[in-house]
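Participant: The sequence shown maps to residues 1 to 375 in the UniProt record's numbering.
Just so you know, even glycine gets a beta-carbon here, dropped at the ideal spot from N, CA and C.
Structure below; questions to follow.
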Amino acid sequence: MSEITPFRLDVPDADLDDLARRLDAARWPDELPGIGWDHGIPLGRVRDLAEHWRTKYDWRAQEARINAFPQFTTEIDGARVHFLHVRSPEPDALPLVLTHGWPSSFADFLDVIGPLTDPRAHGSDPADAFHVVVPSLPGFTLSGPTRDAGWTVGRIARAWAELMRRLGYERYGAQGGDFGYPISKELGTIAADRVVGVHLNYLPSPPPGDQEGGLTEEDRARLERQREYVANPAGYWQMQTDRPQTVAYALADSPIGQLAWIADKVTEWTDPAIGVDDDRLLTTVSLYWLTGTAGSSSRLHRANAGSRGGKPTPCPVPIGVAVFPRDLVLPVRSLVERHFDVVRWTEFDRGGHFPAVEVPDLLTGDVRAFFRGLR
Numbered sequence: 001m002s003e004i005t006p007f008r009l010d011v012p013d014a015d016l017d018d019l020a021r022r023l024d025a026a027r028w029p030d031e032l033p034g035i036g037w038d039h040g041i042p043l044g045r046v047r048d049l050a051e052h053w054r055t056k057y058d059w060r061a062q063e064a065r066i067n068a069f070p071q072f073t074t075e076i077d078g079a080r081v082h083f084l085h086v087r088s089p090e091p092d093a094l095p096l097v098l099t100h101g102w103p104s105s106f107a108d109f110l111d112v113i114g115p116l117t118d119p120r121a122h123g124s125d126p127a128d129a130f131h132v133v134v135p136s137l138p139g140f141t142l143s144g145p146t147r148d149a150g151w152t153v154g155r156i157a158r159a160w161a162e163l164m165r166r167l168g169y170e171r172y173g174a175q176g177g178d179f180g181y182p183i184s185k186e187l188g189t190i191a192a193d194r195v196v197g198v199h200l201n202y203l204p205s206p207p208p209g210d211q212e213g214g215l216t217e218e219d220r221a222r223l224e225r226q227r228e229y230v231a232n233p234a235g236y237w238q239m240q241t242d243r244p245q246t247v248a249y250a251l252a253d254s255p256i257g258q259l260a261w262i263a264d265k266v267t268e269w270t271d272p273a274i275g276v277d278d279d280r281l282l283t284t285v286s287l288y289w290l291t292g293t294a295g296s297s298s299r300l301h302r303a304n305a306g307s308r309g310g311k312p313t314p315c316p317v318p319i320g321v322a323v324f325p326r327d328l329v330l331p332v333r334s335l336v337e338r339h340f341d342v343v344r345w346t347e348f349d350r351g352g353h354f355p356a357v358e359v360p361d362l363l364t365g366d367v368r369a370f371f372r373g374l375r
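Dropping the structure here:
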């Protein structure tokens with residue numbers, strides 16, 4: 001059994017000084033007049049974020065907030081895995097593993113950990129408490145770069161099953177969005193005797209086949225939106241799937257490049273009526289920059305190339321689905337239910353691709369409600 005080692009985040013001052021020097025010496029591209037977002041994130045927006053990063057953003061304050069949660073590292077299948085492990089004060093709490101995606105990190109879940117682990121202290125029913133485990137994906141931020149190829153969602157799911165075994169959890173739930181969706185679903189498949197249910201806040205619709213006749217107009221609109229998304233992948237997806245090493249040179253050498261690469265997608269995928277606070281965005285960017293994991297995190301797309309838009313593999317455990325209206329794609333319930341045992345389906349009126357950051361109260365409430373009948 002590999003050792004589980006306590007971890008505390010403490011970035012050297014020299015690394016922060018280097019970041020400041022690079023921001024001061026940034027070379028800025030030109031921009032066509034009046035182009036807006038048509039060619040990508042606007043120059044003015046990136047300049048404003050960079051200035052905030054350089055002069056107002058307090059990394060040490062964010063570092064202290066992260067360090068307020070118990071953190072650990074362990075090695076699984078040749079990769080270092082960093083994770084938060086926050087036990088509930090409630091003795092009968094259900095263990096729950098939360099999985100992030102790209103371009104996210106474990107820090108996306110900081111606002112939901114307290115309400116999930118200690119609902120009594122947050123004005124809710126203590127019977128809904130969880131022991132929470134939040135791993136950093138292999139190759140991402142505090143897990144550090146991976147040392148070999150082939151980190152597919154299946155391999156990560158097997159690593160999560162091993163992690164939960166090492167922590168002594170025999171029954172637990174899983175939750176995730178973005179890449180956390182297939183990882184959590186696969187975890188429910190390979191560890192069906194241990195996983196009581198899987199809650200997802202992102203889930204593409206399975207192909208309708210020849211049974212499209214019974215769909216509503218809204219269903220058809222959702223399917224068409226998904227087809228367009230799959231048929232015309234965004235530039236980041238194409239680069240990270242086909243040439244992750246090529247894009248890594250720019251992102252690993254330029255904090256402005258890393259900032260623009262992540263801020264572009266976070267802005268596009270967030271409900272514009274809510275947004276993401278600049279400090280939260282910069283914490284994500286800082287975690288990628290300070291750990292040098294732009295390239296290794298990009299390899300996740302390469303390892304899982306060809307997995308989009310196909311027929312889903314079955315998952316034998318109960319599924320809960322939370323649909324947020326400004327997400328990348330919106331699932332069609334009737335199609336999902338042909339393949340999965342859906343016991344809870346919630347359509348929200350706000351929120352986007354990052355609900356743990358955008359609408360943590362809604363996500364927390366739905367997770368509690370889904371697992372309430374599965375404990």
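What are the partner residues of ILE319, as DSSP defines its beta bridges?
Facilitator: Here ILE319 is bridged, per DSSP, to VAL198 and VAL342.
Participant: So, is ILE156 buried or exposed, given that buried needs 16 or more other C-beta atoms within 10 angstroms?
Facilitator: buried
Participant: Taking ALA250 as part of the alpha helix (DSSP H), name the residues at either end of that continuous run.
Facilitator: 244-253
Participant: Quick check on this structure: which residue in ASP327, GLN175, LEU223 and ALA231 has the alpha carbon closest to the alpha carbon of LEU368?
Facilitator: Correcting the residue type first, residue 368 is Arg in the shown sequence and not Leu. For ARG368, the nearest C-alpha among the options comes from GLN175.
Participant: DSSP three-state label for ALA127, please.
Facilitator: helix
Participant: Return yes when the Cβ of ILE41 is within less than 8 Å of the Cβ of ASP264, no when it is not.
Facilitator: yes
Participant: Please name the residue or residues paired with GLN71 in a DSSP beta bridge.
Facilitator: PHE7 and LEU84
Participant: What does the alpha-carbon distance come out to for the pair VAL230 and PRO331?
Facilitator: 14 Å
Participant: Do the CB positions of VAL247 and SER298 come within less than 8 Å of each other?
Facilitator: yes
Participant: Among ALA322, LEU43 and ARG27, whose alpha-carbon lies nearest the alpha-carbon of PRO33?
Facilitator: LEU43
Participant: State the DSSP-derived secondary structure class of PRO135, mapped to helix, strand or coil.
Facilitator: strand
Participant: May I ask you to list the residues that DSSP assigns as paired with LEU96?
Facilitator: In DSSP, LEU96 forms a bridge with VAL132 and GLY173.
Participant: Closest to LEU49 by CA distance: which of PHE370, ILE256, VAL342 and PHE354 is it?
Facilitator: Among PHE370, ILE256, VAL342 and PHE354, the Cα nearest to that of LEU49 belongs to ILE256.
Participant: Measure the beta-carbon distance from HIS85 to THR73 and round it to whole angstroms, keeping in mind my assumption that it falls under 8 Å.
Facilitator: That belief does not hold up - the Cβ atoms of HIS85 and THR73 are roughly 11 Å apart, past 8 Å.
Participant: Check GLU212 in the structure and name its three-state DSSP category.
Facilitator: coil
Participant: Check the C-beta distance from ALA107 over to THR283 and give it rounded, since I have them as a contact under 8 Å.
Facilitator: 6 Å
Participant: In terms of residue numbering, what span does the alpha helix (DSSP H) encompassing ARG54 cover?
Facilitator: Residues 43-55.
Participant: In whole angstroms, give me the CA-to-CA distance for PRO325 and PHE348.
Facilitator: 7 Å
Participant: Going by CA-CA distance only, name the one from THR141, VAL97 and SER184 that's closest to VAL132.
Facilitator: VAL132 has its Cα closest to that of VAL97, out of THR141, VAL97 and SER184.
Participant: Ordered along the chain, which non-local residues of its own chain (more than five positions away) have a Cβ less than 6 Å from that of GLY144?
Facilitator: ARG80
Participant: According to DSSP, is GLU31 part of a helix, a strand, or is it coil?
Facilitator: DSSP places GLU31 in coil when its eight states are reduced to three.
Participant: Could you tell me which of GLN226, ALA192 and ALA191 sits nearest to PRO206, measuring between CA atoms?
Facilitator: Nearest C-alpha to PRO206: GLN226.
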